[in-house]
Ligand SMILES: [Zn+2]
């Protein structure tokens, strides 16, 4: 992978970097070059704050090879404060804790290890905010 592409992908993984349409203000994540609402190609980078609410979730018991080491895991639909719904893995939770509508925040976590010698990839996941208002 060439370096510029690596860094572009990295900024998407380590931060919630999307796009904001400069014509109608629509936000997209993952970033899209063409606005879904007004079809404009004019957009600028937009960084989401990483706070949201749990819309729904599902537990994954079977998984492609590289995720095998972490099954079962939970994939959630998260409604970001900015009004965009994204898919993300949950982390740092007790299953009995999970409640639709609960507050979530983004954290950076290990996604998977690419073989014993491969790189460990990190990316965003979401975790419950147990005491909303208290930053950790
Ligand atoms: Zn637009």
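In the numbering used here, the protein residues as written are 515 to 650. Cβ atoms here follow ideal geometry from the backbone N, Cα and C, with glycine treated the same way. Just so it is clear, the structure is predicted and the values come from calculations on it, not from any experiment.
Who are the near neighbours of residue 555 in its chain, counting only those whose CB is closer than 7 Å to its CB and skipping five residues on each side? 547, 548.
Taking only the alpha-carbon atoms, compute the straight-line gap between residue 640 and residue 607 and give it to the nearest angstrom. Cα to Cα, residue 640 sits roughly 10 Å from residue 607.
Rounded to whole angstroms, how far is the Cβ of residue 605 from the Cβ of residue 591, which I believe are closer than 8 Å? That pair is no contact at about 16 Å.
Near residue 586, which residues of its chain fall below 7 Å by C-beta distance, leaving aside the five closest residues on each side in sequence? Excluding positions up to five away in sequence, the list reads 573, 574, 575.
Would you say residue 614 lies against chain D (beta-carbon separation less than 8 Å)? In the structure shown, chain D does not exist; there is a single protein chain.
Does DSSP put residue 622 in a helix, in a strand, or in coil? Note: residue 622 maps to strand in three-state DSSP.
Check the DSSP bridge columns for residue 615 and list the partner residues they point to. The partner list for residue 615 (beta bridge, DSSP) is empty, contrary to what the question assumes.
Is the beta carbon of residue 570 within less than 7 Å of some heavy atom of ligand 1? Every heavy atom of ligand 1 is 7 Å or more from the Cβ of residue 570, so no.
Residue interval of the beta strand (DSSP E) (run including residue 600): Element bounds for residue 600: 599-603.
Residue 560 and residue 622: beta carbons closer than 8 Å? In this structure, residue 622 does not lie closer than 8 Å to residue 560 by Cβ.
Between the beta-carbon of residue 588 and the beta-carbon of residue 571, is there less than 8 Å? The answer is yes: Cβ separation under 8 Å.
Contact belief for residue 565 with residue 613 at Cβ below 8 Å, rounded distance in angstroms: With a Cβ gap of about 16 Å, residue 565 and residue 613 do not count as contacting.
For residue 578, count the other beta carbons within 10 Å of its own beta carbon; 16 or more makes it buried, fewer makes it exposed. Which is it? That one is exposed.
Hey, quick one: how far does the beta strand (DSSP E) through residue 564 stretch, first residue to last? No beta strand (DSSP E) holds residue 564; DSSP gives it neither H nor E.
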